[in-house]
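Trainee: Residue numbers (the numbering used here): 1 to 89. For glycine and all other residues, C-beta sits at the position ideal for the given N, C-alpha and C. As the structure is a computational prediction, the values presented were derived from the model and not from experiment. Below is a structure I'd like to ask you about.
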C-alpha cells in the first residue's frame, strides 16, 4: 500500500454537501472520495502539462506541421463528428 499524507483543504458549502451525498450513496468516506478526486485531477493535469511541454519542445526544434496540412487531416474528423451529433438530435 502506498504511504499517505494528511492534507486540509477548503471547499464551498455546496461542494461539501455534494461530497456528503456521494459518500452516503456509495458508502465511501468523504476522505476516500476526496483523495480519489484529487489523485485523478493531479494525474490528468500532469499529463496535460507534459503534453504541452513536449509540444513546446517540438516547436522549438522545428518539428511542426503547417496549418493547412493539419486542417486537411482534422476537417474530415470534425465533419464526421458533427454529422453523428446531428443524427442524434
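1. Residue 51 lies in the alpha helix (DSSP H); which residues open and close that run?
2. With a Cβ-Cβ cutoff of 9 Å, do residue 49 and residue 33 count as a contact?
3. Quick check on residue 70: does DSSP put it in helix, strand or coil?
4. Start and end of the alpha helix (DSSP H) containing residue 21?
5. Looking at C-alpha atoms only, which residue of 53, 63, 2 and 60 is the closest neighbour of residue 35?
6. Since residue 19 contacts residue 30 with CB under 8 Å, what's their CB separation in whole angstroms?
7. What did DSSP end up calling residue 84 once you bin it into helix, strand or coil?
Mentor: Looking at the atomic coordinates:
1. 30–60
2. no
3. In the three-state scheme derived from DSSP, where H, G and I count as helix and E and B as strand, residue 70 is classed as helix.
4. 13–26
5. Nearest of 53, 63, 2 and 60 to residue 35, Cα basis: 2.
6. Sure, about 5 Å apart at Cβ, within 8 Å.
7. helix
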